[in-house]
Every structure is written in structure tokens, then in C-alpha cells.
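What follows is a single structure, written as C-alpha cells, with notes after it.
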DNA sequence: GAAAGCACTACAAGAGTATGTAGTTCTTGC
DNA sequence: GCAAGAACTACATACTCTTGTAGTGCTTTC
């Protein structure tokens, strides 16, 4: 007797979400995309904040996000979205071929980008490429990405270099040892441990163990592999 | 549109070196390249060993190197060439869209690649792109490269899988956020945050924020780069 | 339609942390 | 010989975590 239910989402079109503050841009993209048979714009927002609170963002197949956005920047937005659902596919859009920002976006979790002067067919191609597991991007950005892959150990920030003792403490921190445990292991007083920890926090510009560990590992101040 | 902002060392053509064991391939590329006004093949070799001993290799503007080579592989070859002159521009050539090898080549120092079924114009475009500071590659490879930058692809350990919500919390932990700050950001109660943290600790077999962050980063449960 | 599991909310208390301030010893450079 | 700095020791306090226990509402499974 039960009537068959309809599937919740539209079957064969991919859901695109647009986050772009320029209304003209936003609407023209929307028109272009909605005109295609295999995709549609499930939602469009003028800023990250609104997008992040929406339901559509989690269901999007592809998200096109402006980098230059009022309020929370597109880069912050990407981080936030990826934090919430790591499998999101995000393409950045930018007016300039702004290497630094584009690169940062990619590091933060975007998988490609397009400049705002793209043609209709390029826009659509970028969306399809992204959804099919590719990365739409120019050769110039691609090179930058590759070079970052080749040379990791460029450490020259002189003030973020830890002393031997500090690095040792940081390793213990990463193992979750308490002040007391470290004190015992290092033949130090508890306050001696505290002394080093303060200095580490100062040098890394943090104020908690977790953040120190995070920075330490990310900057390879302590061993990543063990 | 030939770029001419680089100070010219050689007359006006860029010097291309080819390392490719298949004679037909090698000679046809040579013919194509020599036919262009802005480039020429200064030398062509059937294997890395010969190329490495040559004088031309050091002077090349662009080197096209086969991956599948008898004797020293193209990947080894790249390493060797880059060791000797770090600024060399090397494009890999391969029959397959062999992700693993291509990726390894890029890590080793190549800046792009092309498949052997490229058209004449694609071959020439790849050379020019490479020489102008870009990276010729397909979107599929580009994505692979980017993901390695973002890091989290190898996540299969069944017992250390975090839920989306947990992973999100772990990212906040890595940023040193307090329970209260996370609660606000995630629209949760402080105890709701606590609930997830308990579960994270349980899954990762730890009992402090710092240790959770350490394990999370080392197992790439959260992004290493941001 | 009961049982189980998940995603929370809620309260509590001891443990551990972050940070300020201050003093000691030893080494190094001027 | 003395100032400066690194490497501690010491004490205090507010704050944050960790962990135990318990309850609610919703969904899935049998």
C-alpha cells in the first residue's frame, strides 16, 4: 500500500553552489550553469557566512568560491568547508591571477581555480573537470604547486628555531606527557619544564600545547614520522 | 607570442634536448621541433647515461625525458640532472597516463609531462609553457599533485576513522581552540564538544588534546598544510 | 515495537595548564 | 668585573581539561 517515495535529490544533475559577492557575476554564472542539462545551481550566496549556514553547501558536488569576499575571505571559507566535510570539491574564482592567494587556496583545500574572465565553455569545462577528479588550473599555477612539492625544507625563519631543549620538550608535548612526566624524564623540576614551554609558546606564537604541537609538526620542528 | 623578457644566451632559438629510446618517436619529435623558428633540438639521446655525459644537457632550455627508459630510468635521470643543475627544465614523456610514475617524476624535479599521443601543437605548446615558467600537465595529474599538497589521501585504517564531526573538532583542537570557542563555532554546547572529544580520544587511543593533534597530523586525519 | 546506537545536553570534581612574578646559577662577551 | 642572557627553580592563581555518570531525542535494525 505504501506509495513509492521520490529520491530526495535531483538524480542526474550535479549540484553547484556559488559564493560570489558580485551580483552580476553570480547571476550570470547561475544562468549559464542552469542552462546546461547536466548541472544546476542549487544555491548562490554573496558571502561565506551565509553559505556556511546553508544546507546546500554540504550537498554540493562542486562549489565555486570567490577569493576576494567581504567578511570571511574565500580562503578562510575553504578551510571551514573542508573542515566540515573533507570531500567537498571547491573551485576558487579570482579576478587576478593572484598566485599567492590561489596557491594558498589550494593548500587550504580547493582543488582548482578559474579567473573571472573565463569564457562560458571554460567555466563549464572547469566544473566538469573538477567533478571528474581533475584540477582546472593554468600552467603557471601548476608550476608553483609543483615547485612547492619539490622543495619542502626551506627553513629560514630564524626566530622560530627552537633550542635542543625546547625541541625535546615539544616532542614530549606531542606525546601528551604532563609537566610532571616530562620533569621526571628530563631530570628537571616541573617549573623547569614550564620555563621551556613558555619559551616555545613565545617562539611559535601560540598558547596551548595542542597548538604548539600542531605548529611544530606542520613546520617540521619535530619529527613527523617515527 | 614568444616571450622575450629573458636575457638571451643563445641566438634566438631555445635549445631542446630529447632523451627517448624509441627511435621513431625521437626523430619525429626532432623534426617537428626543428621545423619551428623559435626552438631546435640541440641533442637527442637514446638513454640517460649518454645524455648525462653530454655537454648539451647543461645548456638545454628544455629537456624532454622519457620515463620508461632502458638502464637508468627517466625518474633517476631527472634526479641526476637536477642534482647537477637545479635550474634545468624537464618535461617527462610517457606512453601511459601513469599516475604513479608521473607523480614521482614531478617530485624528483620535472616540472610537467606529456603523453606520447600528443599532437604536434600540444608538444610545441608544452615546450613553450615549460620554458615560460608554466607546467604542462593534465587536470587529472594536477589534482593528484594538489591532493598530495593537502594530504589526506591514505586514510583506510578502519579503527582510526573519525566521523566528519570528529574530524572537524580535531581541526579545531589543532588550532588550540578551547571547548567554549569550539562550541560557539560549531553551534554546540560545551558538553557537546566534550562528547566528540571523548570519542576522538577513544578512537585514537590518547588522552590529551596535544596527543590527539599529534596523532591526527601524523596519520593525516587532518590536513597538514593550510 | 523493543533494543541499540548515535549525537548530543548536563553536572561535577579532581587534575593539569597557562601565565605572572621573582630569585639563583653559570657562561659569555665587552 | 660586570652586565646580559640562558637555563633553570619556586610559588601562586585562575582557567581549562579530562573523565565519570546520567539523561533526552532521533534513527536504524531486528
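Residue numbers (the working numbering), protein chains in the order written: chain G, 369 to 594; chain U, 369 to 594.
Beta carbons: idealized from backbone N, C-alpha and C, even for Gly.
- Between the stretch 472-483 of chain U and the stretch 466-485 of chain G, the count of C-beta pairs closer than 8 Å stays below three; the two stretches do not touch.
- Less than 8 Å separates the beta-carbon of residue 432 of chain U from that of residue 384 of chain U.
- Taking 8 Å as the threshold, the shortest C-beta distance from residue 507 of chain U to chain G falls below it.
- Any Cβ of chain U closer than 8 Å to the Cβ of residue 579 of chain G would place that residue at the interface, and such an atom is present.
- A check of alpha carbon separations from residue 451 of chain G across U:532, U:561, U:398 and U:546 identifies U:532 as the nearest.
- Per DSSP, residue 462 of chain G lies in no alpha helix (DSSP H); the unbroken beta strand (DSSP E) holding it starts and ends at 458-462.
- For residue 442 of chain U, no Cβ of chain G is located within less than 8 Å of the residue's own Cβ.
- Taking the C-beta atoms as reference points, residue 578 of chain U is found no nearer than 8 Å to residue 574 of chain G.
- In the DSSP assignment, residue 385 of chain U falls within the beta strand (DSSP E) that extends over 382-387.
- Listed along the chain, the chain G residues whose CB falls inside 8 Å of the CB of residue 497 of chain U are 507.
- Membership of residue 549 of chain G in the alpha helix (DSSP H) is indicated by the continuous run 547-554.
- A contact is defined here as three or more CB-CB pairs under 8 Å, and the stretch 408-421 of chain U meets this definition with respect to the stretch 436-446 of chain U.
- Taken atom to atom, the span from the alpha-carbon of residue 492 of chain U to that of residue 409 of chain U is near 12 Å.
- The residue from G:511, G:489, G:454 and G:565 with its alpha-carbon nearest to that of residue 494 of chain U is G:511.
- If you check the CB distance, residue 459 of chain G and residue 428 of chain G do not come in under 8 Å.
- DSSP places residue 408 of chain U within a strand segment (E or B) once states are collapsed to three.
- Close CB contacts of residue 488 of chain U within its chain, under the 8 Å cut and outside five residues either way in sequence, are with 400 (chain order).
- For chain G, the residues of the stretch 540-557 of chain U that bring a beta carbon within less than 7 Å of one of its beta carbons are 541, 542, 543 and 544, in chain order.
- Closer than 8 Å to the CB of residue 568 of chain U there is not a single CB belonging to chain G.
- Residue 486 of chain G carries a coil assignment under DSSP once its states are collapsed to helix, strand and coil.
- Rounded to the nearest whole angstrom, the CA to CA distance from residue 406 of chain G to residue 430 of chain G is 13 Å.
- At a cut-off of 8 Å, the C-beta of residue 510 of chain U has a neighbouring C-beta in chain G.
- At a cut-off of 8 Å, the C-beta of residue 492 of chain U has no neighbouring C-beta in chain G.
- Listed along the chain, the chain U residues whose CB falls inside 7 Å of the CB of residue 453 of chain G are 532.
- Around the Cβ of residue 529 of chain G, a 10 Å sphere holds fewer than 16 other Cβ atoms; the residue is exposed.
- At a cut-off of 8 Å between beta-carbon atoms, residue 574 of chain U makes contact with chain G.
- For residue 433 of chain G, the enclosing beta strand (DSSP E) has its first and last residue at 430-434.
- Judged by DSSP in its simplified three-state form, residue 544 of chain U adopts coil rather than helix or strand.
- Looking at the backbone, the Cα of residue 592 of chain U and that of residue 585 of chain G are separated by about 8 Å.
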